[in-house]
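Numbering-wise (this note's numbering), the sequence shown opens with residue 27 and increments by one.
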Amino acid sequence: MNGKPVFEGIGNLLLERLRREMSPVVLDPEEDIKLACPGAETDYRFGVFLHDIEEVRPCGPPPAVRVSADTRQHPDCLLALHFLLYANRRAPFDSMSALDEMVLLEAAIRAVHSMEPLEAGGQRVKAAFHELERPEKIALWQGLGSPLQPAVYLTLEPVRIPSTRIRRTPPVREFQLTAKRKGGDKK
Numbered sequence: 027m028n029g030k031p032v033f034e035g036i037g038n039l040l041l042e043r044l045r046r047e048m049s050p051v052v053l054d055p056e057e058d059i060k061l062a063c064p065g066a067e068t069d070y071r072f073g074v075f076l077h078d079i080e081e082v083r084p085c086g087p088p089p090a091v092r093v094s095a096d097t098r099q100h101p102d103c104l105l106a107l108h109f110l111l112y113a114n115r116r117a118p119f120d121s122m123s124a125l126d127e128m129v130l131l132e133a134a135i136r137a138v139h140s141m142e143p144l145e146a147g148g149q150r151v152k153a154a155f156h157e158l159e160r161p162e163k164i165a166l167w168q169g170l171g172s173p174l175q176p177a178v179y180l181t182l183e184p185v186r187i188p189s190t191r192i193r194r195t196p197p198v199r200e201f202q203l204t205a206k207r208k209g210g211d212k213k
């Protein structure tokens, strides 16, 4: 792999932004907001979980990038990362009340709504709400082994994954063209 892991960097930027926006509410910024899977038996109050990844191709597949006269690099992959932001109902010592959950979700909505694009590797990554239909939400939560609960669904895009595939394409040195008249000789 070339360079730092991209998903780790994006996840840490998202956590940093959420911690800054949400910590005044009811959270300790370092201990209470974590990247975690719903149902995880760890001590946190608000979880951030990457639940889906999809490729973004706004105008079809991108062309190869010219590195030099005889070298081309495969284009970078552009992705949309879908996150689930949720209150941890399994926080130890029954420390999560229904009111706490509502306050946390409202703080998350405010944070996402006012979030400036994240700067990752010299590129701006936009945060937006991801609208899921109720059956999609139910399927997601069931797949995680949990009942449906209120959550914030967030998409970060475009996340650029750099390509490491480079190929050599020798330059054209000679070109021959022969042409014939269509239909033979007619006067």
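Built from N, CA and C at the ideal position, the CB exists for glycine as well.
Which of helix, strand or coil DSSP assigns to residue i
i: Q99; result: strand
i: F33; result: helix
i: E42; result: helix
i: Q202; result: coil
i: L174; result: coil
i: P184; result: strand
i: P197; result: coil
Nearest residue (CA-CA) to residue i, options the options
i: S140; options: Q202, M48, A146; result: M48
i: P31; options: L166, A137, A146; result: A146
i: S172; options: G37, A66, V185; result: A66
i: I59; options: P101, L203, E127; result: E127
i: L144; options: A134, E183, L131; result: E183
i: L130; options: L44, A205, R83; result: L44
i: I135; options: F72, T68, K206; result: F72
i: R115; options: Y70, D102, E132, E81; result: Y70
i: A137; options: E34, L41, G37; result: L41
Beta-carbon proximity of residue i to residue j, cut-off 7 Å
i: V151; j: L111; result: no
i: P197; j: D78; result: no
i: V185; j: L107; result: yes
i: D102; j: P161; result: no
Beta-bridge partners of residue i, as assigned by DSSP
i: V74; result: L61, L111
i: A106; result: E80
i: S94; result: T97
i: R191; result: R191 is not bridged to any residue.
Every unbroken alpha helix (DSSP H) within the segment 128 to 172, with a cutoff of 4 residues, ordered by chain: Listed in chain order, the complete alpha helix (DSSP H) runs (minimum 4 residues) inside the segment 128 to 172 are 160 to 169.
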